[in-house]
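Before any comments, here is the structure.
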Amino acid sequence: MTTNASTDSSAAAAAFPELPPLQRVHVLVFGDLMLDRYWHGPAQRISQEAPVPVVAVERVVDRPGGAANVALNVAALGARCTLVGVVGDDAAGVALRQTLAAAGVECEFVTAADYATPLKIRVVSGQQILRADFEQSVPAAAAQRALDAALRLAGAGVDALVIEDYDKGTVAAAGELIAACGAPVVVDPKTKPLTAYAGATVVKPNVEEAGRWLDAPADDQALATLRAEHDVGALVITRGAQGMLVADAAGALSIPARRVDVFDVTGAGDTVAACLGTVLAAGLDVRAAARLANLAGSVVVAKEGTATVSAPELRALMRAEARVDRGLLRRERLLAAISEARARGEVIVFTNGCFDILHAGHVGYLEEARELGDRLVVALNTDASVRRLKGEGRPVNPLDRRAQVIGALAAVDWVVAFDEDTPESLLEALRPDVLVKGGDYTPAEVVGAGIVEAYGGAVRVLSLVPDVSTSGLIDRLRDG
């Protein structure tokens, strides 16, 4: 699928929105339930009966699948989740209910005596060797009872509704449920026409599913027409290694995939749907929700089988991804990053130095500086600048190595170089909120203090660890 969508590739696009508290969010999940069963074991010989491996099954693992996996992902994010669907009066249905209840999911199941809970068996020996599906269509009467339960819960008030439609028969009247829900509705479709989901806030097809709805290339106009004709708020199209395509009222936006070693894509779409619904329920907009869902999907494809991502996992990854600019930045890129940080209300702290040989004094000083704001910029003298200030033989470490070491510190957000003897021109361009220096200075003696104070910024002098200095270390090394 090709599109002329803008690409969300800037570093600040990687500066994800804050993940809000999700404990008070209530998400209703409605759709087709199934159980994924994994048979694990070594395959050390070929069968004499046919040219196939013989797997000696040593371990059996049951995991919720379909809408049940969506519910499990909602609960893993920390939100309250109620799940409505149909199961059979069988062991698979009991296993689903027990696993979900243990994870905190509130199960509103319809049990149909004339129906078997769908079961997917995967044989795994290092990798998936075989999948066997046992399934049948959901009886119409059971599907109606499930819809009635979902309508009752939606009418009582939920913060979001996720409809997981695997075309097994549970989702026979999606439009009626969408119309009854006064909260954001996310639909994960299969083969039904888009008309079936009119009124939804977000419909999340994959590339193949979206392709069936489009009669033309997926440009802005085609996607806008598709949304308008079917009364859909936004399309979030998952594209595997190409990431996501978001089509909403503002146009089309391409969100690149995060680079990971893909282990198993099973259930990744369920995770994306769950994350979309949960963060929309918490008040984020569609594009912010899609960025987080894209990140969540990258977590589960690196895991085995149908998997989940927790809120702490997602927050940790958000923090890591927000720091994609580690290393030496050009001034233009740093100016853009600072502008975007300020738009989020973040306080910018600035310090500068040679940082030739990093020592404990530097680390403590930078950690203390970082506590004064939300982002810490460290400006490094270029090699020529260091040489002019310190004399021949310095720096010991060239600029790229100094930048790599400084940028690896948890306290440091951005590193930039300056070739002048002082960082005054850089301060005039960046206009940090706080200028920090360490040592025996008064604020008025700090180079650039007048520039910063003139536009209302603050100047702070921090202490350094005594008896620790780069020059002292070098002298001691030279003296043996």
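Those letters in the sequence shown? Residues 226 to 705, per our numbering, in order. In this text, a Cβ means the ideal position worked out from N, Cα and C, and glycines have one as well.
Closest residue to residue i among the options (Cα-Cα distance)
| i | options | result |
| --- | --- | --- |
| V309 | G303, D315 and N294 | N294 |
| P224 | G382, Q352 and G380 | Limits of the chain in this structure are 226 at one end and 705 at the other, which puts residue 224 out of reach. |
| T395 | A425, P418, V411 and Q361 | Q361 |
| R284 | P276, V640 and R262 | R262 |
| V282 | Q269, A604 and P620 | Q269 |
| A506 | V299, G290 and L260 | V299 |
| D392 | A421, V411, V330 and A654 | A421 |
| L655 | L542, A561 and E434 | A561 |
| I403 | K417, A423, T416 and D373 | A423 |
| D287 | A320, V684 and V387 | A320 |
| R377 | L419, A466 and E333 | E333 |
For residue j and residue i, the rounded distance between their alpha carbons
| i | j | result |
| --- | --- | --- |
| C306 | P267 | 37 Å |
| G407 | A397 | 20 Å |
| F488 | V348 | Interpretation of F488 is limited by its pLDDT of 49, a score under 50 that renders its predicted location unreliable; no figure is taken from the coordinates. |
| G664 | A679 | 23 Å |
| R613 | S650 | 18 Å |
| V572 | S564 | 11 Å |
| P245 | V252 | 15 Å |
| A425 | L559 | 39 Å |
| D456 | V672 | 60 Å |
| A304 | D608 | 52 Å |
| A338 | V311 | 10 Å |
| L687 | L517 | 37 Å |
| V511 | L520 | 14 Å |
| F575 | R540 | 26 Å |
| K615 | E670 | 20 Å |
| T463 | L325 | 26 Å |
| L258 | A499 | 15 Å |
| A568 | A513 | 15 Å |
CB-CB length for residue i against residue j, believed under 8 Å
| i | j | result |
| --- | --- | --- |
| P648 | V677 | Incorrect: roughly 11 Å between the Cβ atoms, too far for contact. |
| A385 | P409 | 5 Å |
| A301 | T533 | 4 Å |
| L660 | G682 | 6 Å |
| P414 | V428 | 6 Å |
| D638 | L601 | 5 Å |
Residue span of the beta strand (DSSP E) that contains residue i, given as start and end
| i | result |
| --- | --- |
| V279 | P278 to V280 |
| E565 | That residue, E565, is in no beta strand (DSSP E); its alpha helix (DSSP H) goes R556 to A568. |
| E732 | The question about residue 732 has no answer, for the chain in this structure spans 226 to 705. |
| Q353 | Q352 to F359 |
| R322 | Where R322 is concerned, there is no enclosing beta strand (DSSP E), although the alpha helix (DSSP H) it sits in stretches over A316 to A327. |
| P675 | At residue 675 the sequence reads Gly, which differs from the Pro that was named. Where G675 is concerned, there is no enclosing beta strand (DSSP E), although the alpha helix (DSSP H) it sits in stretches over A674 to A679. |
Bounding residues of the alpha helix (DSSP H) (the contiguous stretch that carries residue i)
| i | result |
| --- | --- |
| K615 | D608 to K615 |
| T496 | A493 to A506 |
| V588 | A585 to R595 |
| A642 | From DSSP, A642 is part of no alpha helix (DSSP H) but of the beta strand (DSSP E) over W639 to F643. |
| Q369 | A365 to A381 |
Those residues which DSSP pairs with residue i across a bridge
| i | result |
| --- | --- |
| F580 | DSSP, once it has assigned bridges, lists no residue as partnering F580. |
| I631 | DSSP output for I631 lists no bridge partner at all. |
| D287 | R262 |
| N731 | Here the chain comprises residues numbered 226 to 705, so residue 731 is not present and cannot be evaluated. |
| V684 | L660 |
| I346 | R262 and A357 |
Interface flag, residue i vs chain C, CB-CB below 9 Å
| i | result |
| --- | --- |
| L687 | Considering every chain present, this structure includes no chain C. It has just one protein chain. |
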